[in-house]
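First to last, the protein sequences are chains W and Y. So the number in the working numbering is just where the residue sits in the first sequence, counting from 1, plus 2. So the number in the working numbering is just where the residue sits in the second sequence, counting from 1, plus 7. Note that the Cβ used here is the ideal one computed from N, Cα and C, for glycine as well. Keep in mind it's a predicted model, so treat the numbers as computed, not measured. Notes follow the structure.
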Amino acid sequence: MSAIYILWLRQLKRYFRSKARMIGSIGQPILFLVALGFGFGPIFEKAGGGNYLQFLAPGVIAMGILFTAMFMGIEIIWDKQFGFLKETLVAPISRMTIMLGRTLGGATVALAQGVLVFLIAWAIGFRPSFHLIGVAFIFMILIAMLFTAIGTAIASVVDDMQGFPLIMNFLVMPLFFLSGSLFPLAGLPGPIETIARLDPLSYGIDGLRGALVPGALQFGFWFDFGVLGVITIIVLGIGAYLFSKIEI
Amino acid sequence: MSNIIEVKNLTKKYGDFTAVDDISFAVEKGEIFAFLGPNGAGKTTTIKMLTTLLKPTSGEILLDGKNPVHDESAARKSFGIVFQDPSLDDELTALENMEFHAVLYKVPKDVRKPRIEELMNFVELWDRRNDLVKEFSGGMKRRLEIARGLLHHPKILFLDEPTTGLDPQTRNHVWSYVKNLNEKEKITVFFTTHYIEEADRYASRVSIMDHGKIVAGGTPDELKKQTGKDLLEDAFIELTGYDIRKESAGADNMRTHAKVWGRR
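See below:
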């Protein structure tokens, strides 16, 4: 337990000491909120979809979490290059402890990012219902956990500092665009809908939007929660296994 | 006396390159054992296999009766290590690096604080404890790594070229601490070094490795007698030859090569 805590604490300290990373990573969500929110707003409204910013904001909050979470994996590659990973790997702690500690640390950072995007969205006109804010927060945690775990597990098998961002972009973009973050999933052409349903982020966004915007829920809270929870546990298991296979 | 480290027919291959070639040796409980060899001899590769960081191609290892290949977590509980290359977190302070290690190795809370202070005073870094490691010089980082490696008191302590880059005063200082730890707490010390006089002075037994094989072994005096030299350093050169080793033939490069080109 204390090992998980110290691994978590280390991630936070590293992140909050790097102001550039904190500021740099909110640029993109702001751009999406402003450009898409105000750009597509009139069309969305004409088509009978209501206020687009209300619809879009939960998607962009999830995006802020997704991007930060997936890219947290770079810390593992960093640690490989600077030698610190050895220090963790020879320690008498289980590989699951390492995986959990790192994922919790990264997820906390990603969550902080999500909260920041939430506040920015609110400042530019997003008016959520605070009735189910606790549920929304739980879904933000789940999104953060799942995608940090995925990024961390992938990073454990990648050695290449330049290659990792490329792999991540290759994954993050489709995860984001095909998730229902930018458009409603109902009424999509068949194949796209199928793909969207295979994208775990769709369930995170459904839960988050369902909690923040009344009437927006599509799949149901417990279903979303179950899907995200089960996949997270599976990915954590895979990550712990991959950590036990690292040779340096 | 019983053996705390036993290695039998240990081999590590990277493709066609054999970094460690069928070596066997044993280290007795409580001794200070020097593992010497020119660059690229396979010392670090051997230590990495002993400490669960690399999987052997073949052969058997027992650390305090546990097999680091099959029973990793039990084996990890028995040793501590100071690595040859840097392994500090530059973005943390010196004190934070020490605390991180103490928690991972479950150093009891009441021991943790006084021992961190003692060790950081010992390497003269206590005054700089709240500075980020990235602001440290190479020598200071090295001293911090040593202090960190001594923080928990394991049964076996691996020191992979611990004193490289340190001045004679600091080296002497570090060695007297290690020696004291060895005598007081019966900690077995397994170390590599290029300062052969350190082996002469502190090691009870020495193994010399070259081109992946163990070429000689015994007490420093036995090796001197065997080669007819007065200094262990001369005996070492006699046994391993005068050629300067190309580091490019070293295991690390071969490994990178094997990774880049695939394991064929």
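With a minimum length of 4 residues, the unbroken runs of alpha helix (DSSP H) contained wholly in the stretch 18–93 of chain Y fall at 50–57 and 79–83. DSSP places aspartate 217 (chain Y) in the strand class (E or B) of the three-state scheme. Listed along the chain, the chain W residues whose CB falls inside 8 Å of the CB of proline 63 (chain Y) amount to none; the nearest CB is some 11 Å away. Near chain Y, meaning a CB-to-CB distance below 9 Å, the residues of the stretch 79–93 of chain W are Asp81, Phe84, Gly85, Phe86, Leu87, Lys88, Glu89, Thr90, Leu91, Val92 and Ala93.
Taking a 10 Å sphere around the C-beta of glutamate 249 (chain W), we find fewer than 16 other C-beta atoms and assign the residue as exposed.
If you look at isoleucine 235 (chain W), you'll find it in the alpha helix (DSSP H) that goes 223–247. Around alanine 242 (chain Y), the same chain offers Leu230, Lys231, Thr234 and Lys236 as residues with beta carbons nearer than 6 Å, after the five sequence neighbours per side are excluded.
Residue burial is scored here from C-beta neighbours: aspartate 208 (chain W) has at least 16 other C-beta atoms within 10 angstroms and is therefore classed as buried. When Cβ-Cβ separations below 8 Å define contact, serine 158 (chain W) makes no contact with chain Y. It is roughly 18 Å from the alpha-carbon of serine 94 (chain Y) to the alpha-carbon of aspartate 162 (chain W). Using a C-beta cut-off of 8 Å, the stretch 27–45 of chain Y makes contact with the stretch 190–197 of chain Y, since at least three inter-stretch Cβ pairs fall below that distance. Among the bridge pairs identified by DSSP, asparagine 10 (chain Y) is matched with Y:Glu35.
Counting every other CB atom within 10 Å of its CB across the protein chains shown gives arginine 19 (chain W) a total below 16, marking it as exposed. Interface criterion not met: the Cβ of tyrosine 21 (chain Y) is under 8 Å from no Cβ in chain W. Counting C-beta atoms within 10 angstroms of its own C-beta, alanine 188 (chain W) has fewer than 16 neighbours from the protein chains shown and is therefore classed as exposed. The criterion of a C-beta distance shorter than 8 Å is satisfied by glycine 85 (chain W) and aspartate 92 (chain Y).
If you check the CB distance, leucine 177 (chain W) and leucine 230 (chain W) do not come in under 8 Å.
Here the alpha carbon of isoleucine 203 (chain Y) sits roughly 30 Å from the alpha carbon of serine 65 (chain Y).
Close CB contacts of tryptophan 133 (chain Y) within its chain, under the 6 Å cut and outside five residues either way in sequence, are with Met127 (chain order). Taken in chain order, the unbroken stretches of alpha helix (DSSP H) that lie wholly in the stretch 186–250 of chain Y and span 4 residues or more are 203–209, 227–234 and 239–247. For isoleucine 88 (chain Y), the residues of chain W that pass the 7 Å Cβ criterion are Val92, in the order they occur in the chain.
By the Cβ neighbour-count rule, alanine 138 (chain W) is buried, with 16 or more other Cβ atoms within 10 Å of its own.
Chain-order list of chain W residues neighbouring threonine 58 (chain Y): Val92, by C-beta distance under 7 Å. Boundaries of the beta strand (DSSP E) around isoleucine 163 (chain Y): 163–167. Judged by DSSP in its simplified three-state form, asparagine 16 (chain Y) adopts strand. If you look at lysine 82 (chain W), you'll find it in the alpha helix (DSSP H) that goes 76–84. Check the Cα spacing between leucine 148 (chain W) and each of W:Phe166, W:Lys15 and W:Pro202: the tightest is with W:Pro202. Secondary structure in the stretch 99–156 of chain Y: the alpha helix (DSSP H) runs of 4 residues or longer, each lying completely within the stretch, are 101–111, 116–129 and 145–156 in chain order.
Put simply, the CB of serine 80 (chain Y) is near chain W, with a gap under 8 Å to one of its CB atoms. If you draw a straight line from the Cα of leucine 238 (chain Y) to the Cα of aspartate 207 (chain Y), it is about 8 Å long. Leucine 219 (chain W) sits in coil when the DSSP states are folded into three classes, being neither helix nor strand.
Looking at the backbone, the Cα of arginine 104 (chain W) and that of phenylalanine 223 (chain W) are separated by about 27 Å. With respect to the 8 Å criterion, isoleucine 100 (chain W) and threonine 90 (chain W) are classified as neighbours on the basis of their beta carbons. Around the beta carbon of threonine 196 (chain W), a 10 Å sphere encloses fewer than 16 other beta carbons of the protein chains shown; the residue is thus reported as exposed. Contact check between the stretch 13–30 of chain Y and the stretch 48–57 of chain Y: three or more CB pairs, one atom from each, fall below 8 Å, which counts as touching. By the CB criterion at 8 Å, alanine 123 (chain W) and valine 174 (chain W) fall outside the cutoff.
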